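Residue numbers (numbering that gives the first Met the number 0): 0 to 61. Where a beta carbon is used, it is the ideal one built from N, C-alpha and C, also for glycine. These numbers come from a predicted model, not from an experiment. Okay, structure first, notes after.
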Amino acid sequence: MSNADRLTPVEFKAEYKRRGWTGRALSRRWGKSEAWISKIGSDPERDMHWDDAVRGLPDLKG
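As structure tokens, this is what we get:
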């Protein structure tokens, strides 16, 4: 997979917010702390499966 498929930290947060999620709700969904969600989201070198996971979240807005 290329770096073109990787979300930037800004894109990571925007993606879950676009789907209606907050960091708190995401931490509950994934069984992680809010601090951990922030840390992983801010890491430009995070494992790609986290980008895949955030892209696959259900849309809570619709």
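Cβ-based burial, residue i [other Cβ within 10 Å; buried from 16]
| i | result |
| --- | --- |
| valine 9 | exposed |
| lysine 16 | exposed |
| glycine 30 | exposed |
Residue i - containing alpha helix (DSSP H), residue span
| i | result |
| --- | --- |
| aspartate 42 | Aspartate 42 -> no alpha helix (DSSP H), and no H or E assigned at all. |
| leucine 59 | Leucine 59 -> no alpha helix (DSSP H), and no H or E assigned at all. |
Minimum C-alpha distance to residue i - residue among the options
| i | options | result |
| --- | --- | --- |
| aspartate 58 | Thr21, Arg5 and Ile39 | Thr21 |
| leucine 56 | Trp35, Lys38, Gly19 and Met47 | Gly19 |
| lysine 60 | Glu14, Thr7, Arg27 and Met47 | Glu14 |
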